[in-house]
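In the numbering used here, the protein residues as written are 4 to 240.
C-beta atoms are modelled at their ideal positions from N, C-alpha and C, and glycine is treated no differently.
Reading through the C-alpha cells given below for one structure.
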Amino acid sequence: MSNRQARHSLFPAAVLWDMDGTLIDSDGLWLAAERAVYRESIAERSGAAVPELSAVAERALEGASLPECARVLKAEGVTLPQEAIIERLVSTVEHELVAGGGIPWAAGAVALLMSLVEVGIPSVLVTGTPMRVARHVLEAVPPGSFAGAITGDSSLPAKPAPDRYRAAADMADANIKDCLVFEDSGTGIRAGLAAGATVVAVTDLARIPAPEDSRYRRIANFLGLDAAKLAQLRKCW
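What follows is the structure, encoded as C-alpha cells:
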C-alpha cells in the first residue's frame, strides 16, 4: 500500500526539507559569496572604494534561485555574465562547506531525520542549490535518511512556484496535502503553501525570520522534535 493510500493518522505522509538555512547553517556562506562577487566585480571596474551591497538587494537574494541571484547582482552593477556569477557563487560555497570541517547541521535536524526513518516516514530534500553542493549534505546524513532530492539542477520552476514541492511529494509517493514542509525563507514558505502542504517556518538560522502568520507555524529549531511530537503538533495545524 502506498503512502498516499495509507496515511490516515496525524503523522505526515512525508517531510520535505529545504536545505540552506533550514537543514544546515549555510545561509551565511551564500551571503558572503554574494557580497564577495559584488565587491570584486565593482572594484575591478572602478578601482575605488566599493559600497556595501544594499539592504534591498540582500533581502531580494534571500531564498532566491541562482538565476535570480545573478539577476539581482547584475542589477546592482555586477558586469559578469549570469553563468559566471552562478559559478563563482556555487564554487565558493562548495569550497567553504567542504573546508569547514563538517556539515553545519541545524540543531536537532539529524536526530529528527533518524526518528522519521525509524517510523517509516520518508524525507525528500528540496533545494535551489545544485547537486554538486547538495551531495555533500546527502552523503553526510545516516543512510536512508532521504528518499530522494530535488536540487537546483531540476528543470522544474524554482520556488516560489509550487512545482518542486509537488514533485517531491510524488517522489515520496505521498499526497502533498499530507506532507509537512520545513522552510526558512519567505520564498520557500510561499512555495510550500502554494503546493498545498503544511508548512513550518524554522527561524533560528534564517537570514530574515518569517513573520507570524496564521497560514503556518513557526519553530526556532528541531531540538526535541521526533516523529511522535510532529504528530502531536499537527493536531493544531
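Item to complete: Could I get the ranges of all uninterrupted beta strand (DSSP E) runs contained in the segment 99-147, with 3 residues as the minimum, in chain order?
Response: Restricting attention to beta strand (DSSP E) runs no shorter than 3 residues, the segment 99-147 encloses them at 126-129, ordered along the chain.
Worksheet entry | Cβ-based burial, P160 [other Cβ within 10 Å; buried from 16] | Within the sequence shown, the letter at position 157 stands for residue 160. Flag for P160 reads exposed.
Worksheet item: Which of the three DSSP states, helix, strand or coil, is assigned to T82?
Response: For this step, residue 82 is matched to residue 79 along the sequence shown. T82 falls in the coil class under three-state DSSP.
Worksheet item: Where P84 and L92 are concerned, what is the direct C-alpha to C-alpha distance, given to the nearest angstrom?
Response: Here residue 84 is taken as the residue at index 81 of the sequence shown, counted from 1. Here residue 92 is taken as the residue at index 89 of the sequence shown, counted from 1. Using only the alpha carbons, I get a separation of about 13 Å.
Practice prompt. In angstroms with no decimal places, state the Cα-to-Cα distance between V59 and E79.
Written response: Looking up residue 59 in the sequence shown gives position 56. Looking up residue 79 in the sequence shown gives position 76. The straight-line gap from Cα to Cα measures roughly 10 Å.
Item to complete: Confirm, please, whether the CB-CB distance from Y41 to V96 is below 8 Å.
Response: One-based indexing of the sequence shown puts residue 96 at position 93. One-based indexing of the sequence shown puts residue 41 at position 38. Cβ distance not < 8 Å, so V96 and Y41 don't count as in contact.
Worksheet item: So which of G103, A230, R74 has the shortest CA-CA distance to V140?
Response: Along the sequence shown, one-based indexing puts residue 140 at 137. The closest CA to that of V140, considering only G103, A230, R74, is found on G103.
Discussion item. For the alpha helix (DSSP H) containing G199, name the first residue and the last one.
Written reply: To locate residue 199, count along the sequence shown from 1; it is residue 196. Taken as a continuous stretch (DSSP letters only), G199 belongs to no alpha helix (DSSP H), as it is neither H nor E.
Worksheet item: Just to confirm, are P163 and R193 a CB contact at a threshold of 8 Å?
Response: The count along the sequence shown starts at 1 and reaches residue 163 at position 160. The count along the sequence shown starts at 1 and reaches residue 193 at position 190. Their beta carbons are under 8 Å apart, which means P163 touches R193 by this criterion.
Worksheet item: In this structure, what does DSSP give as the bridge partners for I153?
Response: For the purposes of this step, residue 153 is taken as residue 150 along the sequence shown, with counting starting at 1. V129.
Practice prompt. Helix, strand or coil for I222, going by three-state DSSP, please let me know.
Written response: Against the sequence shown, residue 222 aligns to sequence position 219. Of the three classes helix, strand and coil, the one that applies to I222 here is strand, per DSSP.
Worksheet item: Quick one: Cα of A150 to Cα of V202, how far?
Response: Translated into positions along the sequence shown, residue 150 becomes position 147. Translated into positions along the sequence shown, residue 202 becomes position 199. Cα-Cα distance, rounded: 19 Å.
Item to complete: Using alpha carbons as the reference points, say which of G111, A110, P70, I124 lies closest to A172.
Response: In the sequence shown, the residue the question calls residue 172 occupies position 169. Answer by Cα proximity: I124.
Worksheet entry | Exposure of D21, with buried meaning 16 or more beta-carbon neighbours within 10 Å | Walking along the sequence shown from the start, residue 21 turns up at place 18. Residue environment: D21 is assigned as buried (16 or more neighbouring CB atoms within 10 Å of its CB, all protein chains considered).
Fill in: Own chain partners of L76 with C-beta closer than 7 Å, once the 5 adjacent residues on each side are dropped
In the sequence shown, counting from the first residue as 1, residue 76 sits at position 73. Excluding sequence neighbours, L76 sits near E37, V40, Y41, I88.
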